[in-house]
Amino acid sequence: MKKFKLEEKEFYKRLGFKAGLEIHYQLKTDKKLFCRCPAVIRKDEPDTMILRHMRPTLSELGEYDGTALMEFKTKKNVYYQLWRDSVCTYEMDDTPPFEINKEALKIAIEIGLLLNCTIVDELHITRKQYLDGSIPTGFQRTAIVGVEGFVELLSGKKIGISHICLEEDACREVKDEGHNIIFKTDRLSFPLIEVITKAEIETPQEAKEVALRIGNILRATGKVRRGIGSVRQDVNLSIEGGVRNEIKGVPKISYIPYLLHCEALRQHNLLKIRDELRARGITKENLKTKIKNLNEIFQKTQNPYLKKAIEEGKDIRGICLYGFGGLLLKEIEPGVGFEREFKGRVRVIACIDKPPILLHTDEEPIPFSESEVESLRYIFNFKKTDVVLIVFGEEEDTKTAVEEIKIRAEEATQGVPAETRQALPDLTTDFERILPGPDRMYPDTDSPPTNISSELLNEIKKKLPQNPLYLEKKYLKLGLPSDWAYTLSISNYNKYFEEFLKEKIPPFVAGRLFVVEKTLLENIDFQKNINKIKDILKEISKGNASFDFLRKNLMNGFNFKKENKIDEKIILKAKEIIKKEKNIKTAKIIAKIKNYSKKKFDPFILIKKLGVGNGK
13 MKKFKLEEKE FYKRLGFKAG LEIHYQLKTD KKLFCRCPAV IRKDEPDTMI LRHMRPTLSE
73 LGEYDGTALM EFKTKKNVYY QLWRDSVCTY EMDDTPPFEI NKEALKIAIE IGLLLNCTIV
133 DELHITRKQY LDGSIPTGFQ RTAIVGVEGF VELLSGKKIG ISHICLEEDA CREVKDEGHN
193 IIFKTDRLSF PLIEVITKAE IETPQEAKEV ALRIGNILRA TGKVRRGIGS VRQDVNLSIE
253 GGVRNEIKGV PKISYIPYLL HCEALRQHNL LKIRDELRAR GITKENLKTK IKNLNEIFQK
313 TQNPYLKKAI EEGKDIRGIC LYGFGGLLLK EIEPGVGFER EFKGRVRVIA CIDKPPILLH
373 TDEEPIPFSE SEVESLRYIF NFKKTDVVLI VFGEEEDTKT AVEEIKIRAE EATQGVPAET
433 RQALPDLTTD FERILPGPDR MYPDTDSPPT NISSELLNEI KKKLPQNPLY LEKKYLKLGL
493 PSDWAYTLSI SNYNKYFEEF LKEKIPPFVA GRLFVVEKTL LENIDFQKNI NKIKDILKEI
553 SKGNASFDFL RKNLMNGFNF KKENKIDEKI ILKAKEIIKK EKNIKTAKII AKIKNYSKKK
613 FDPFILIKKL GVGNGK
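Under the working numbering, the first residue of the sequence shown is numbered 13, with each subsequent residue one higher.
In structure tokens form, the structure reads like this:
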């Protein structure tokens with residue numbers, strides 16, 4: 013995985029960077045959302061498998077959603093792996109939904125309150141159309157729980173929360189190859205919380221903090237799942253002159269800044285390509301293309317991909333984009349050329365997914381012989397200012413492929429198309445599908461409204477956990493280093509830290525135990541030994557013991573004996589150093605003493621004895 017250098021805030025401001033997040037967490041419930049099947053992940057073999065094909069339906073306004081039409085073009089065979097004891101007829105759309113899981117609803121309301129949302133009086137279930145096969149019904153049931161909230165950052169800035177939804181999770185993808193896709197249905201209908209921010213994020217770095225803050229709040233409830241697949245982030249971005257693009261399923265928060273940086277560059281460079289096309293006099297209205305079957309001219313080719321296609325009786329088809337010459341290798345993301353925009357459409361929609369997906373005449377070196385290039389020039393009458401793209405595969409797929417290339421070329425004359433994109437391991441992105449529109453949402457006539465009473469709200473409000481940000485700010489005021497304050501605020505040990513403070517144990521001593529030395533606590537019964545630990549921490553704070561002493565006691569069953577005092581020669585040498593260098597930092601004192609003496613000593617005790625640096 014490569015990482016790129018992020019720019020300063022001013023760079024993104026000049027681009028008109030504007031981002032929002034969609035954070036998804038599975039809720040920790042025993043049952044699924046709309047049935048009573050257990051919410052468990054399966055590792056055993058499925059009991060059976062079924063095949064389905066997805067077809068688009070008209071919206072309430074009598075229109076088709078663009079994403080649904082795109083998915084229909086892929087002609088996918090969708091296979092579902094089923095387990096008798098964790099999947100039922102509801103998930104297969106053979107029976108109506110049960111009443112919504114009340115436990116999941118309570119957790120969703122709690123999260124909404126923690127995110128300062130106004131909770132709705134009545135819960136209405138809607139259907140969100142998905143034709144990628146990830147939900148057998150072809151739609152996801154979802155409900156808005158809270159609106160108009162905010163999440164606060166450490167700086168005090170507040171990022172708006174548009175709304176939070178309680179929805180059912182989709183299937184797990186097992187394999188997607190050609191026209192066949194296989195899903196596991198075990199995760200299907202797990203309760204899922206979706207937190208959607210407003211597009212108020214101004215830099216990639218800020219987006220990372222927003223995701224962290226929201227995640228910390230959700231985890232503070234103790235009612236969300238952790239681990240691979242249970243947490244997903246989608247990021248939305250546009251720049252000035254561009255349009256909103258969504259990067260789907262970012263697996264790690266640390267990836268968010270780099271993906272947003274690359275997407276901002278991609279949109280910026282796509283706008284440059286649009287301007288270059290306009291300078292060449294090319295618009296959507298006057299774009300010229302020509303499509304031809306090319307099997308005849310490649311009968312004796314030495315190109316390994318085309319040679320194999322000929323041997324297997326596959327179709328070879330080309331499209332000339334007049335005026336696009338020299339553009340396909342232009343970099344749009346770090347190390348990524350404009351050609352990927354065309355390859356992505358062919359891979360997803362035409363299902364031609366084996367590398368190199370397509371070949372073209374802009375490539376260096378050109379992948380065709382001189383005679384083949386001459387034949388292409390004759391057939392297409394193309395010049396250096398033009399480019400020919402060639403695809404190979406089943407005839408039906410190649411026909412779809414060249415049409416999709418033409419559509420993407422038309423979009424290039426207008427700038428940035430609205431897409432959902434997938435995050436790649438190198439932190440760049442690739443096409444996943446057309447960005448869905450509002451037409452894919454419609455009411456669920458199978459589910460009655462659910463009243464959310466003031467009594468239920470008040471009951472949940474009484475048990476709300478503290479916001480980790482509040483604790484972090486509190487710990488910073490106590491003088492803890494910023495990384496300690498953050499770690500403690502989200503730690504399961506923070507309640508013990510608070511308890512130790514009440515026992516007059518200094519914040520730095522208690523903080524060090526729970527942050528730096530927390531591995532000491534992993535192999536002991538902490539609750540059983542808490543009083544002994546407190547006693548030693550009190551001795552440490554007086555300078556009579558060290559954390560090394562605490563370690564030995566933890567390992568040896570707490571045979572409490574006072575540790576020898578620090579060597580007087582070391583203390584005298586340290587005082588001498590301080591006298592010579594009045595503003596010397598404590599870290600430098602320790603370094604100088606280590607050079608002076610080979611005897612082992614606890615730096616913490618030394619600093620306490622000297623009475624400098626607040627014990628830090």
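Where is the CB? At the ideal position from N, CA and C, for every residue including glycine. All of these numbers come straight from a predicted model, not from anything done at the bench.
Cβ neighbour criterion (16 or more within 10 Å) applied to Arg-48: It counts as exposed.
Within 8 Å, strictly: CB atoms of Phe-110 and Phe-202: In this structure, the beta-carbon distance from Phe-110 to Phe-202 does not fall below 8 Å.
Where Phe-195 sits in the DSSP three-state scheme: If DSSP states are grouped into helix, strand and coil, Phe-195 belongs with the strands.
Cβ pair Ile-173, Glu-212 closer than 8 Å: Not closer than 8 Å, so no.
Coil, strand or helix - Gly-227 by DSSP: Residue state for Gly-227 is assigned as helix, using DSSP reduced to three classes.
8 Å CB neighbourhood of Lys-581 in its chain, flanking five on each side removed: Closer than 8 Å at the Cβ level, and outside the excluded window around Lys-581, lie Ser-609.
Local Cβ density within 10 Å of Lys-61, reported as buried at 16 or more and exposed below that: The amino acid at residue 61 is misidentified as Lys; the sequence shows Met. Flag for Met-61 reads exposed.
For Asp-456 and Thr-101, the rounded distance between their alpha carbons: Computed Cα separation, rounded: 18 Å.
Among Lys-312, Arg-54, Gly-253, Leu-166, the one whose alpha carbon lies nearest that of Lys-9: Any answer about residue 9 is impossible in this case: the structure gives the chain only from 13 up to 628.
7 Å CB neighbourhood of Arg-420 in its chain, flanking five on each side removed: Contacts found: Glu-353, Phe-354, Arg-357.
Ala-435 and Leu-584 closer than 8 Å at C-beta: Not a contact, by the Cβ cut-off of 8 Å.
Assigned exposure category for Ala-599 - 16 Cβ within 10 Å defines buried: Exposed: under 16 other Cβ atoms inside 10 Å.
C-beta contact flag for Val-52 and Asp-181 at 8 Å: No, these two residues do not count as a Cβ contact at 8 Å.
Cross-strand partners of Arg-184 (DSSP beta bridge): As DSSP reads the structure, Arg-184 sits in a beta bridge with Lys-196.
C-beta neighbour in chain D for Thr-373, strict 8 Å: In the structure shown, chain D does not exist; there is a single protein chain.
When Leu-388, Asp-246, Arg-237 are compared against Ile-303, the one with the closest alpha-carbon: It is Leu-388 whose Cα lies nearest to the Cα of Ile-303.
Three-pair Cβ contact test at 8 Å for the stretch 298 to 312 versus the stretch 328 to 335: Counting C-beta pairs closer than 8 Å gives three or more between the stretch 298 to 312 and the stretch 328 to 335, which meets the contact rule.
Coarse secondary structure for Tyr-482, derived from DSSP in three states: Note: Tyr-482 maps to helix in three-state DSSP.
Whole-Å CB distance - Ile-446 paired with Thr-79, under 8 Å assumed: Rounded to the nearest angstrom, the Cβ distance from Ile-446 to Thr-79 is 5 Å, consistent with a contact under 8 Å.
Inter-residue CB distance, Glu-160 and Thr-209 (contact presumed, cutoff 8 Å): Not really, about 12 Å apart at Cβ, beyond 8 Å.
Secondary structure of Ile-582, DSSP reduced to three states: The three-state secondary structure of Ile-582, taken from DSSP, is helix.
Identified DSSP bridge partners for Gln-38: Looking at the DSSP assignment, Gln-38 forms a beta bridge with Leu-204.
Between the CA atoms of Val-207 and Lys-501 - distance to the nearest angstrom: Inspection of the sequence shows that residue 501 is occupied by Ser rather than by Lys. When rounded, the distance between both Cα atoms is 21 Å.
Cβ neighbours of Thr-373 in the same chain (closer than 6 Å, five flanking residues each side left out): Excluding residues within five positions, the ones whose Cβ falls inside 6 Å are Val-399, Val-400.
Three-way DSSP call (helix, strand, coil) for Lys-43 in this model: Under the three-state reduction of DSSP, Lys-43 is assigned to strand.
Whole-angstrom distance between Ile-268 and Pro-346, CA atom to CA atom: Each residue's CA atom was taken as its position, placing Pro-346 and Ile-268 some 16 Å apart.
CA-to-CA distance, Glu-375 to Arg-278, given in whole angstroms: The alpha-carbon atoms of Arg-278 and Glu-375 are separated by roughly 20 Å.
Candidates Glu-103, Lys-88, Asn-89, of which the one nearest Trp-95 by Cα: Minimum Cα distance to Trp-95 is reached at Glu-103.
Neighbourhood of Thr-410 by C-beta distance below 6 Å, restricted to the same chain and skipping five residues each side: For Thr-410, same chain residues with a beta-carbon under 6 Å away, outside a window of 5 residues either side, are Asp-327, Arg-329, Val-403 in chain order.
Cβ-Cβ distance between Ile-285 and Ala-424 below 8 Å: Pairing Ile-285 with Ala-424 gives a Cβ-Cβ distance under 8 Å.
Buried versus exposed, by CB contacts within 10 Å (16 or more), Glu-431: Looking at its Cβ environment, which holds 16 or more other Cβ atoms inside 10 Å, Glu-431 is buried.
Leu-217 versus Phe-394, Lys-30, Glu-467, Ala-362, residue with shortest Cα-Cα distance: First, the amino acid is wrong: residue 217 is Gln here, not Leu. When C-alpha distances from Gln-217 are compared across Phe-394, Lys-30, Glu-467, Ala-362, the shortest belongs to Lys-30.
CB contact flag (Glu-179, Arg-139, <8 Å): Taking 8 Å as the Cβ cut-off, Glu-179 and Arg-139 do not qualify as a contacting pair.
Cα-Cα separation, Ile-617 to Leu-224: If I take the Cα positions, the gap works out to 35 Å.
Start-to-end residues for the alpha helix (DSSP H) that takes in Tyr-630: Because the chain here runs from 13 to 628, residue 630 falls outside it and cannot be looked at.
Straight-line Cα distance separating Gly-261 from Ala-232: About 23 Å.
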